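If you count by the UniProt record's numbering, then the sequence shown holds residues 1 to 343, one letter each, in order. We treat Cβ as the ideally placed atom computed from N, Cα and C, and that holds for glycine. Please read these numbers as outputs of a predicted model, since none were measured by experiment. A short write-up of the structure that comes next.
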Amino acid sequence: RFGYSDSLELTPDYLYPALHVPPGCSTELNHRGYQFVQRMFEKHDQDHDGVLSPTELQNLFSVFSGAPWGPELLHTVPTQAGCLPLHGYLCQWTLMTYLDVQQCLAHLGYLGYPTLCEQDSQAQAITVTREKKLDQEKGQTQRSVLMCKVLGARGVGKSAFLQAFLGNSLGEARDPPEKFPLHTINTVRVNGQEKYLILCEVNADSLLDTSLDTTCDVACLMFDSSDPKTFVHCATIYKRYYMDGQTPCLFIASKADLPEGVAPPGLSPAEFCRRHRLPAPASFSCLGPAMPSTDVFTQLATMATFPHLCTQSCTPPPSGSEECWWLSARLWLLSLASHYTGS
């Protein structure tokens, strides 16, 4: 009942209850899971200041065999002066549930979920989403957690992009970019609903690897606007992995504060996107007196939520400016979004 053997160790059957996750599906905490982990947060926030200090976090994990969340947590979820607020805490649980549901089950087991919640097992705190193909057929996803793969050549600013999602600046960091985690997570609002968006940086050295896992809800193809060769790299990735699929893609021109480089022969980024019926490249820069705009993250989450809107065949007219065509396309997307959300 309580998962202990004669040696007072938690048994594998208790820590890892059966949970079937079919291909194409993902895992999320359901309302019971979120309620439980929030109770644990409130219990260990002994000074009631709304954040877990390093000591309070250590107390939370005192029943574990070891501290499961290391120093990389500060660069993975939103934090507050080195402490973990409830929002960042829930983000970390959400990320773990998505990436490694078995680890999540074990953590819930250590915290006593089945006993405290009077459930048969901690698997009842998990929701298995429907298959992605069904989402594409329906025209929108019911998932609350969305995966965005961030791809691009080395040095284009992927790590800075991930940290900007948390409100962090690489200029203030002590560690070099290669020391930062490959995942960050935060929330964005899509048509009034809160979604968790995971950004996953794909190692530049593996971009042309035929075994590369490029599966995601939306792809972010990042190039350095001051170095045209990096766009050629992104275009190659798009053609190899995404051109014939249904995954929404957004090209992002990073380092937009720098002068544009001289483009090599061939299509410009804007022309390439227009030719392939993709949204125009979005500009992004981490430099300046203000934090980078969060609009691009909302755009990525919206594209992931409504993949059908991003993969419609919408052929540009033979005449007319690119700006006019994209304005018409955006109006068409907005009308469809209103239809699907009932607004």
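Could you pull the start and end residues of the alpha helix (DSSP H) that residue i belongs to?
i	result
His-44	31-44
Lys-133	132-138
Lys-149	Counting along the chain, Lys-149 falls outside any alpha helix (DSSP H), though it belongs to the beta strand (DSSP E) covering 145-151.
Lys-255	Note, Lys-255: premise wrong, no alpha helix (DSSP H); not H, not E.
Glu-56	54-60
I believe residue i touches residue j by the beta-carbon criterion, under 8 Å. Please report the beta-carbon distance rounded to the nearest angstrom.
i	j	result
Glu-194	Thr-127	Not confirmed; about 16 Å, so no contact.
Lys-158	Gly-167	With a Cβ gap of about 17 Å, Lys-158 and Gly-167 do not count as contacting.
Ala-253	Pro-269	7 Å
Val-218	Leu-250	7 Å
Cys-200	Lys-149	5 Å
Please state whether DSSP places residue i in a helix, a strand or coil.
i	result
Pro-317	In this prediction, Pro-317 scores a pLDDT of 42, lower than 50, which makes its location untrustworthy; no coordinate-derived value is stated.
Lys-239	helix
residue 352	Nothing about residue 352 can be read from this structure; the chain reaches only from 1 to 343.
Asp-120	coil
Phe-223	strand
Glu-322	Confidence is the limiting factor: at Glu-322 the pLDDT is only 44, short of 50, which leaves the residue's position unreliable, though a coordinate-based value still follows. DSSP places Glu-322 in helix when its eight states are reduced to three.
Thr-127	strand
Leu-19	coil
Gln-299	helix
Thr-115	helix
Leu-10	strand
Please identify the residue among the options whose C-alpha is closest to the C-alpha of residue i.
i	options	result
His-233	Tyr-242, Asp-244, Leu-221 and Val-51	Leu-221
Ala-164	Gly-33, Thr-294 and Asn-30	Thr-294
Cys-286	Phe-161, Leu-182, Phe-251 and Ser-53	Phe-161
Apart from the five residues on each side of it in sequence, which residues of its chain come closer than 8 Å, Cβ to Cβ, to residue i?
i	result
Pro-78	Pro-85, His-87, Gly-88, Cys-91, Leu-166, Gly-167 and Asn-186
Asp-135	Thr-141, Gln-142, Arg-143 and Pro-307
Phe-64	His-107 and Tyr-110
Val-21	Thr-27, Val-101 and Val-128
His-44	Leu-52, Glu-56, Leu-57, Asn-59 and Leu-60
Gly-66	none
Are the C-beta atoms of residue i and some chain D residue less than 9 Å apart?
i	result
Ala-67	Structure shown: chain D not included; a single protein chain is present.
Going by DSSP, what residue range makes up the beta strand (DSSP E) through residue i?
i	result
His-87	Element bounds for His-87: not the beta strand (DSSP E) but the alpha helix (DSSP H), 86-99.
residue 368	Nothing can be reported for residue 368: it is not among the residues displayed for the chain, which extend from 1 to 343.
Who are the near neighbours of residue i in its chain, counting only those whose CB is closer than 7 Å to its CB and skipping five residues on each side?
i	result
Leu-267	Arg-275
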